Amino acid sequence: MFTNSTQTRRGLADVAVHLQGFQQNNPGGSFRLNEMLGWENHGLATWQLVDAQGQPGFWGYDALAYDGQGRIESILMFVRVEAQLVK
């Protein structure tokens with residue numbers, strides 16, 4: 001399961017559709033992993049969008065849960081944009 005502020009995706013096929021949409025909206029864009037923390041079956045990643053020209057964009061966090069075999073079970077994404085800042 002992949003969840004962000006606008007939608008929840010379930011299953012690999014649904015996540016693949018989400019990623020295809022991202023690539024259509026951000027051709028050549030990618031994410032740079034800044035840091036990854038983890039313990040037991042939990043993880044926290046910080047990342048930043050990098051556009052096709054290599055320029056940094058917005059950044060955020062992913063909270064991850066892993067199953068008993070170490071595979072990603074869920075990703076909860078937080079993007080650092082004005083609409084998500086707690087004031």
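When you line the sequence shown up against the UniProt record's numbering, it's residues 1 to 87, in that order.
Yeah, the Cβ is synthetic: ideal placement off N, Cα and C, and Gly gets one too.
Note that this is a predicted model, so its numbers are computed, not measured.
For residue j and residue i, the rounded distance between their alpha carbons
i, j, result
"N34", "W59", "10 Å"
"A52", "G29", "5 Å"
"H18", "R9", "8 Å"
"V50", "F22", "13 Å"
"E73", "Y66", "5 Å"
"G70", "L37", "15 Å"
"P27", "G68", "35 Å"
Limits of the unbroken alpha helix (DSSP H) element including residue i
i, result
"D14", "G11 to N25"
Nearest neighbour of residue i, chosen from the options [CA to CA]
i, options, result
"L12", "P56, M1, Y66 and E82", "M1"
"F78", "F22, P27, L44 and E40", "L44"
"Q48", "N4, D14 and D62", "D62"
First through last residue of the beta strand (DSSP E) which encompasses residue i
i, result
"A52", "From DSSP, A52 is part of no beta strand (DSSP E); its letter is neither H nor E."
"E73", "I72 to V79"
"S30", "S30 to W39"
Residue i and residue j closer than 8 Å at C-beta
i, j, result
"Q6", "L76", "What sits at residue 6 in the sequence shown is Thr, not Gln. Result no, Cβ atoms of T6 and L76 do not sit closer than 8 Å."
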